[in-house]
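Asker: Just so we're aligned: the sequence shown equals residues 827 to 1047 in the numbering used here.
Every residue gets a Cβ at the ideal spot worked out from N, C-alpha and C, and that includes glycine.
Got a structure here, written out as structure tokens. Questions coming.
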Amino acid sequence: MIRQARAINRPAWFCAILALGLIVCLSAPAALAKQASRAVTIEALEAQEMLTQEPRTTFLVDVRTPAEYMLLGHPPQAYNIPWQFLTGDFQLQGGPFQGGKAPYTGYQKSGAPNPDFVGVAQSLFKPEDRLIVISSDGDDGADAADELVKAGFKRVYNIHHGFSGQPQISPELDRLAERHSPFHGQRGRVNGWVYWGLPVSYTMDPKFVYPPDLKRMQTLK
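Printed below as a string of structure tokens:
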């Protein structure tokens, strides 16, 4: 004999708390993206809106490494001014690197910021220009944007989750994915420029390439 389940009436507040609990439990934990302390933090969609509203005085500054800018693509008309550079030092995650531990397995980024970062920005933009900074996941962008504010730029914004987006999984799962999944680094990122389907270009326009690289190119024969 099949017994019919008896409906249980729950108050609205109980249902709301239960739903919230399920959302928290089912959502994979992820590290909170870093926010700038001096610059204004905005989302990728807000950045795109700003670029369309004031195109003559609004500029996008891509602070990723030149390799990321070229190989992963970049927003059209984004100026590449690297905050850090990729080194030739290959390390395993947790291995020794510049007095600390390597945060990931692979070629490491320079520990110190680009000493020419502010100088190059000052050669390209005016203090009153509106500068929107985009990095890989928003963290480097927060530091770079704050540095621009310290240098005297008055309207500086950092895209919260950057170009690639915020990881959707926990650090523990990310380590397992790196070991076992062919999609490691390609899946599970949200809220960034790419996630929202905003335009991406692979064209290397000399106007937007890192100026010292262009100058160095002229001396190579």
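1) If you draw a straight line from the C-alpha of D942 to the C-alpha of P1037, how long is it?
2) Can you tell me whether Q917 is helix, strand or coil according to DSSP?
3) Give me the DSSP bridge partner(s) of P922.
4) Using the beta-carbon count (16 or more within 10 Å), is A938 buried or exposed?
5) Please say whether R890 and S949 have beta carbons closer to each other than 7 Å?
6) For R864, which of helix, strand or coil comes out of DSSP?
7) Whole-angstrom Cβ separation of I985 and W1019, contact assumed at under 8 Å?
8) Can you tell which of Q919, N940, R1042 has the C-alpha that lies nearest to the C-alpha of Y930?
9) DSSP state of H900, grouped into three classes?
10) Can you tell me the Cβ-Cβ gap for I1080 and A873, rounded? I've got them flagged as a contact below 8 Å.
11) Check T884 in the structure and name its three-state DSSP category.
12) Closest to M1030 by C-alpha separation, out of V887, A904, A870, V866, would be which residue?
13) Let me confirm a value: P1025 is counted as buried when at least 16 other C-beta atoms fall within 10 Å, else exposed. Which label applies?
14) Would you identify the three-state DSSP class for K980, choosing helix, strand or coil?
15) Please check the pair D969 and G991, which I expect to be a contact at CB under 8 Å, by giving their CB distance rounded to whole angstroms.
16) To the nearest angstrom, report how far apart L852 and P993 are at their CA atoms.
17) Examine the ligand PLP and report whether any of its heavy atoms sits within less than 6 Å of the Cβ of Q879.
18) In angstroms, rounded to a whole number, what distance separates the CA positions of H1006 and R981?
Answerer: Let's see:
1) Straight-line Cα distance between these residues: approximately 11 Å.
2) strand
3) The partner list for P922 (beta bridge, DSSP) reads K927.
4) exposed
5) no
6) coil
7) Correct: roughly 7 Å between the Cβ atoms.
8) Q919
9) The answer is strand: DSSP assigns H900 an E or B state.
10) Nothing about residue 1080 can be reported from this structure: the residues present for the chain run from 827 to 1047 only.
11) Strand at T884.
12) A904
13) With fewer than 16 other Cβ atoms inside 10 Å of its own Cβ, P1025 counts as exposed.
14) coil
15) Contact flag wrong, Cβ pair sits at about 18 Å.
16) Confidence in L852 is poor, its pLDDT being 30 and thus under 50, which makes the residue's placement too unreliable to answer from.
17) With respect to small molecules bound, the structure shown includes none, and the ligand PLP cannot be examined in it.
18) 44 Å
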